[in-house]
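Numbering (the numbering used here), first residue to last: 83 to 336.
Reviewing the structure listed below.
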Ligand code: NAD
Ligand code: IMJ
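As structure tokens, this is what we get:
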């Protein structure tokens, strides 16, 4: 039981394909108490059964673009738990129109929205919950290879993920004073809501089967287990890091 008795606050479960669900499941199976947060009222019906299945402590709504929602969430968590050990950020959003065509055409408002939800939100969550996170706690965020190299259509999300990864390093420096670690997992492509309707997605999956060192795609459970590692004391001296869970695809030069 790698996280026995620890409390984990998880942001970004939309359904049972979500990366956040895979991490929540792994944490629960290894002894943690969990609480789930969802973005909007529309998702409540989907997330409630997951909360039941995983026997969560509580469930709450929090749109990370809403400062008041963040304050209210912090008050709720303070009341329910007082403190906690693990924070999982598994949130991204850009306008669908900005995830196709030429990056150069990205409008100002679309750039701001993607950066706000996909990058600034990690800073906002650290601000809102810092005082409640126990010394030696663990914070993690999800990223993708499109921050490092050009992936067709990833566009503004690539720029937002680069900001998120850099943010992880600066947050690691600030929170490291209290032994709190901040890391990112760079996951290979997975079929989730966030990858549905992406043109060329099938080609990306088959390219990985052909070219990645492990010659296979990853599954949600692979990310869940790395999340468990980062949440546990097995990774006690790892912070500010981006761990690739991608069958080794990122090491290839050609
Ligand atoms: P998902 O759609 O299940 O999760 C994305 C989550 O973001 C959803 O739960 C959604 O409600 C939430 N969200 C969006 N806007 C929000 C807001 N304003 N406030 C609060 N929550 C909001 O898809 P996923 O693939 O599990 O994505 C989770 C994370 O993993 C994202 O950061 C994504 O970029 C990253 N990621 C995904 C893949 C992939 O191939 N699916 C690969 C690497 C990284
Ligand atoms: C997303 C867009 C383009 C290419 C993509 C992706 N590839 C992968 C993804 C190759 C793997 C999924 N991914 C890593 C993401 O971070 C997705 C973020 C995302 C997805 C959507 C789709 C629906 C929508 N807005 C979105 N915002 C962010 O309206």
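No residue lacks a Cβ here, since even glycine has one placed at the ideal position from N, Cα and C.
Computed from a predicted model, the values in this text were never measured in an experiment.
* Asked: For residue 317, which of 237, 276, 263, 281 has the nearest alpha-carbon?
  -> Residue 317 has its Cα closest to that of 263, out of 237, 276, 263, 281.
* Where does residue 274 sit, in a helix, a strand or coil, going by DSSP? -> In the structure shown, residue 274 sits in coil (DSSP, three-state: anything other than H, G, I, E or B).
* To do: Report the option in 311, 230, 119 whose CA atom is closest to the CA atom of residue 335.
  => It is 230.
* Asked: Among residues of its own chain, excluding the 5 on either side of residue 176, which ones have a beta-carbon nearer than 6 Å to its beta-carbon?
  -> So the list reads 196, 238, 239, once near-sequence residues are dropped.
* To do: Might you give, ordered along the chain, the residues of its own chain that have their beta carbon closer than 7 Å to the beta carbon of residue 244, omitting 5 neighbours on each side?
  => So the list reads 229, once near-sequence residues are dropped.
* If you draw a straight line from the C-alpha of residue 108 to the C-alpha of residue 320, how long is it? -> Each residue's CA atom was taken as its position, placing residue 108 and residue 320 some 20 Å apart.
* N- and C-terminal bounds of the alpha helix (DSSP H) containing residue 103 -> Note, residue 103: alpha helix (DSSP H), 101-111.
* **In chain order, each alpha helix (DSSP H) run of at least 4 residues that lies wholly inside the segment 275-316** => Complete alpha helix (DSSP H) runs here, min 4: 283-293, 302-313.
* Please report the residue range of the alpha helix (DSSP H) in which residue 240 lies. => Counting along the chain, residue 240 sits inside the alpha helix (DSSP H) bounded by residues 237-257.
* Asked: Tell me which same chain residues have a C-beta within less than 7 Å of the C-beta of residue 129, skipping the five on either side of it?
  -> Cβ within range, chain order: 95, 118, 120, 141.
* **Whether residue 254 touches residue 322 by CB criterion (8 Å)** => Yes, the pair counts as a contact, with Cβ atoms nearer than the cut-off.
* Tell me the DSSP bridge mates of residue 263? -> Partner(s): 220.
* For residue 127, is the classification buried or exposed, using 16 other Cβ atoms within 10 angstroms of its Cβ as the cut-off for buried? -> Residue 127 counts as exposed, since fewer than 16 other beta carbons sit within 10 angstroms of its beta carbon.
* Asked: So residue 207 packs on residue 158, CB below 8 Å; how close in whole Å?
  -> About 14 Å separates the beta carbons of residue 207 and residue 158, which is beyond the 8 Å limit, so they are not a contact pair.
* Along the chain, where does the beta strand (DSSP E) that runs through residue 119 open and close? -> Following the DSSP letters along the chain, one finds residue 119 inside the beta strand (DSSP E) bounded by residues 115-120.
* Asked: Can you tell me where the alpha helix (DSSP H) with residue 204 in it begins and where it stops?
  -> Where residue 204 is concerned, the enclosing alpha helix (DSSP H) stretches over 203-211.
* Neighbourhood of residue 234 by C-beta distance below 7 Å, restricted to the same chain and skipping five residues each side -> Excluding positions up to five away in sequence, the list reads 282.
* Asked: In whole angstroms, what separates the C-alpha of residue 100 from that of residue 260?
  -> Spanning the two alpha carbons is a distance of roughly 30 Å.
* Measure the beta-carbon distance from residue 143 to residue 113 and round it to whole angstroms, keeping in mind my assumption that it falls under 8 Å. => Their Cβ separation, rounded to whole angstroms, is 27 Å, which puts residue 143 and residue 113 out of contact at 8 Å.
* **Cutoff 8 Å; reference residue 295; Cβ partners in own chain excluding five residues on either side** => Only 329, 330, 331, 333, 334 meet the Cβ criterion.
* To do: Output the distance between the C-alpha atoms of residue 257 and residue 155, rounded to the nearest integer angstrom.
  => The alpha-carbon of residue 257 is positioned some 20 Å away from that of residue 155.
* Return the chain-ordered ranges of every beta strand (DSSP E) run that is complete within the segment 119-179 and spans a minimum of 3 residues. => The DSSP assignment places complete beta strand (DSSP E) segments of no fewer than 3 residues inside the segment 119-179 at 140-143, 166-171, in order along the chain.
* Distance, residue 145 Cα to residue 173 Cα -> Distance from the CA of residue 173 to the CA of residue 145, rounded to the nearest whole angstrom, comes to 10 Å.
* Asked: At what residues does the beta strand (DSSP E) containing residue 91 begin and finish?
  -> Start and end: 89-93.
* Below 8 Å between beta carbons: does that hold for residue 139 and residue 219? -> For residue 139 and residue 219, no; Cβs fall outside 8 Å.
* Taking buried to mean at least 16 other C-beta atoms within 10 Å of its own C-beta, is residue 270 buried or exposed? -> Around the beta carbon of residue 270, 16 or more other beta carbons sit within 10 angstroms, so the residue counts as buried.
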